[in-house]
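**Q** These protein sequences, in sequence, are chains A and B.
Residue numbering for the first sequence follows our numbering, starting at 1118 and increasing by one per position.
Residue numbering for the second sequence follows our numbering, starting at 36 and increasing by one per position.
From the three backbone atoms N, C-alpha and C, an ideal C-beta is built for every residue, glycine too.
Nothing here was measured: the structure is a model prediction, and the numbers come from that model.
There's a structure below that I have some questions on.
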Amino acid sequence: MKNSDILTCFQCGACTGSCPSGKYTSLNVRRIIKDSLKKDISDHPDLWMCTTCYNCQERCPRGIKVTDAILSLRAEAARKGHILPAHRVVCKFLIETGHAVPIDQINMTKRENIGLLETETVRKYPKALKDVRKLLELTGFNGLIQE
Amino acid sequence: MKEYSLYLGCLIPNRYPGIEKATKLVLDRLGIKWSELKEASCCPAPGVFRSFDQNTWLTLAARNIILCEEKNTDLLTICNGCFSTLVDANNILKNNGDLRVQVNDHLKKIGKEFRGTIQVRHIIEFLDKEIGAKMIDEMIEKPLELKVALHYGCHLLKPTKERKLGGAEFPKFFDGLVEATGALSIPYEGKNSCCGAGGGVRSAMLETSLKMTEFKLERIKKAGADCIVEACPFCHLQYDSGQVELAKAGKIFDVPVVHYSQLLGLALGYSFEDVGLHLNATRNPGFESKIALLQKKDASIK
């Protein structure tokens, strides 16, 4: 964990108390911050229960970028292969179509019914989609999400 | 006024095209010069992609920003998620030379370069700053006497140090725009709480995300709101489709969900169908007749 400002955490728990997900799940942000200083928590399922609402970061009396720290921990987890199946699907959509949520037939029909033309996105421009795919290859994203 | 590039992202064109249509109608009526951004991809979404790999997230975001730089227009988004990614990426790349070099190294291979010449705008802060609630109020043809439960959505406001749109505990500017349509923005418990969709939680843990949605809906219902208003298609999806999912477990709320572009469209005299609200998954006939009545009532006065 490279985020050195979390060393100033004094474990007050404002993060946990502000967490909308923690009301219903086992996500305990204070504990995640504490544990991340001592050990590798890449396989911890709670990392993925954060909605990234930023309440913890906003209210931290130490000004620690708590949500950003969770994002870094997630990146470390992803690099070690801890990627949830549903997230892998979203990543594959991005690689295939340039969209995390691609169009489907139902929504094509909805568009036609309200007089909207085809979307002007990468979907319509093959060269643009090719560029997006090339970038994903270059950044190593394709390799990252391989099972 | 200068021209803006309308960036639609994924959810609006591909899941809630009604929001796209309403936005285009409203921008034209307000006299804003805009054109749709061509060749854009996913922003990419801050929840999953920013979590996985910052470099990929920044590179793809930079490509979308560059499409605007090439047109010499600012980017206008109508989604909190796209705003979060594109405004953050734009600021990071403008201020961090090392990351900029890394990202441009990739972009060079598709013949592009991030230069940092444009601004990223979200429709709500854009309307607040560039048009103003007072001007909108004066343009309204059909004042909507509705009780609105306003949901700002997390990424419009936070992180506040980055967004610089004021505090996140008691924000006001969006309420002002809602009230400019003739509606009343009512207080409710948990108003600034998350809808539950973000961070990849909806896609991977639907039930967990819906618990947060239920928390909100219970309080919105109790406060007696006619509808929810937001300015993010992901919050829109979470509340709208989320109610269908919650109904399967016997939890019925029947609260209509309205993007601000759609609310403004109704107030400017466009019909329920014009602004694509008939495409929502959660339909409430009582709300629909109320809108029809409000629009008729005003027409007869004139």
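Assuming leucine 1251 (chain A) is part of the alpha helix (DSSP H), what are its boundary residues?
**A** Note on identity: in this sequence residue 1251 (chain A) is lysine, with leucine being the wrong assignment. Lysine 1251 (chain A) -> alpha helix (DSSP H) spans 1243-1255.
**Q** Step through the CB atoms of chain A and report whether any lies within less than 8 Å of the CB of aspartate 88 (chain B).
**A** yes
**Q** Out of B:Ala284, B:Asn319, B:Arg64 and B:Trp92, which one is the CA nearest neighbour of glycine 304 (chain B)?
**A** B:Arg64
**Q** From the DSSP secondary-structure annotation, give me the bridge partner or partners of serine 220 (chain B).
**A** B:Val183
**Q** Quick one: what's tryptophan 69 (chain B) bridged to in DSSP?
**A** Tryptophan 69 (chain B) has B:Tyr39 as its beta-bridge partners, per DSSP.
**Q** Given a cut-off of 8 Å on the beta-carbon distance, is the pair serine 1138 (chain A) and threonine 1184 (chain A) in contact?
**A** no
**Q** Where does alanine 327 (chain B) land, buried or exposed, given buried means 16+ other C-beta within 10 angstroms?
**A** exposed
**Q** What does glutamate 265 (chain B) pair with, by DSSP beta-bridge criteria?
**A** B:His294
**Q** My output table needs one value for leucine 314 (chain B): the three-state DSSP class, helix, strand or coil.
**A** It is helical.
**Q** Using beta carbons (cut-off 8 Å, strictly below), is leucine 1201 (chain A) in contact with chain B?
**A** With 8 Å as the cut-off, leucine 1201 (chain A) counts as an interface residue toward chain B.
**Q** Our contact map puts phenylalanine 1258 (chain A) next to aspartate 88 (chain B) with C-beta atoms below 8 Å; I'd like the distance itself, whole angstroms only.
**A** 6 Å
**Q** Is proline 206 (chain B) close to chain A, meaning its C-beta is less than 8 Å from at least one C-beta of that chain?
**A** no
**Q** Short check: CB of leucine 219 (chain B) to CB of isoleucine 159 (chain B), under 8 Å?
**A** no
**Q** Along the region 41-59 of chain B, what residues have a CB closer than 8 Å to any CB found in chain A?
**A** Leu43, Cys45, Leu46, Pro48, Asn49, Arg50, Pro52, Gly53, Glu55 and Lys56
**Q** For leucine 110 (chain B), which residues does DSSP report across the bridge?
**A** According to DSSP, which records beta bridges pairwise, leucine 110 (chain B) is partnered with B:Ser40 and B:Val155.
**Q** Looking only at its chain, what residues have a beta carbon closer than 7 Å to the beta carbon of isoleucine 67 (chain B), apart from the 5 residues adjacent to it on each side?
**A** Met36 and Tyr39
**Q** Is DSSP giving methionine 1225 (chain A) helix, strand or coil here?
**A** helix
**Q** Can you tell me whether alanine 97 (chain B) is helix, strand or coil according to DSSP?
**A** helix
**Q** Between the region 150-177 of chain B and chain A, which residues of the former have a C-beta closer than 7 Å to a C-beta of the latter?
**A** none
**Q** Quick one: is valine 1146 (chain A) near chain B, going by C-beta distance under 8 Å?
**A** no
**Q** Output yes if chain B places a C-beta closer than 8 Å to the C-beta of aspartate 1248 (chain A); else output no.
**A** yes
**Q** Tell me the DSSP secondary structure of valine 1183 (chain A) in three-state form.
**A** helix
**Q** What residue range is occupied by the uninterrupted alpha helix (DSSP H) comprising threonine 248 (chain B)?
**A** For threonine 248 (chain B), the uninterrupted alpha helix (DSSP H) run begins and ends at 241-257, by DSSP.
**Q** From phenylalanine 269 (chain B) to glycine 151 (chain B), what distance separates their C-alpha atoms?
**A** 27 Å
**Q** So what does DSSP say about glycine 202 (chain B), is it helix, strand or coil?
**A** Look at glycine 202 (chain B) here: in three-state DSSP terms it is coil, with no helix or strand label.
**Q** Can you give me the Cβ contacts of arginine 1191 (chain A) inside the same chain, cut-off strictly under 6 Å, excluding the 5 residues immediately before and after it?
**A** Leu1164
**Q** So, is aspartate 1157 (chain A) buried or exposed, given that buried needs 16 or more other C-beta atoms within 10 angstroms?
**A** Its Cβ having fewer than 16 others within 10 Å, aspartate 1157 (chain A) is exposed.
**Q** Between the Cα of lysine 193 (chain B) and those of A:Cys1170, A:Ile1220, A:Thr1214 and A:Lys1247, spot the shortest distance and give me the residue it belongs to.
**A** A:Cys1170
**Q** Give a yes or no on whether the C-beta atoms belonging to glycine 231 (chain B) and glutamine 273 (chain B) are separated by under 8 Å.
**A** yes
**Q** Taking only beta-carbon positions, decide if isoleucine 336 (chain B) is within less than 8 Å of chain A.
**A** Low local confidence applies: a pLDDT of 47 at isoleucine 336 (chain B) is under 50, so the model's placement there is unreliable, and no value is given.
**Q** Answer yes or no: does any C-beta atom of chain B fall closer than 8 Å to that of leucine 1124 (chain A)?
**A** For leucine 1124 (chain A), the answer is no, since every Cβ of chain B falls outside 8 Å of its Cβ.
**Q** In its own chain, which residues sit with a C-beta less than 8 Å from the C-beta of alanine 124 (chain B), not counting the 5 before and 5 after it?
**A** Trp92, Leu93, Ala96, Ala97 and Ile100
**Q** Is glutamine 278 (chain B) near threonine 216 (chain B), with beta carbons less than 8 Å apart?
**A** no
**Q** Between the beta-carbon of glycine 1265 (chain A) and the beta-carbon of leucine 1255 (chain A), is there less than 8 Å?
**A** Not covered by the structure: residue 1265 (chain A). The range shown for chain A is 1118 to 1264.
**Q** Can you tell me whether glutamine 297 (chain B) is buried or exposed, with buried defined as 16 or more other CB within 10 angstroms of its CB?
**A** Around the beta carbon of glutamine 297 (chain B), a 10 Å sphere encloses 16 or more other beta carbons of the protein chains shown; the residue is thus reported as buried.
**Q** If we define contact as Cβ-Cβ less than 8 Å, is glycine 1215 (chain A) a contact residue for chain B?
**A** Yes, because at least one Cβ of chain B sits closer than 8 Å to the Cβ of glycine 1215 (chain A).
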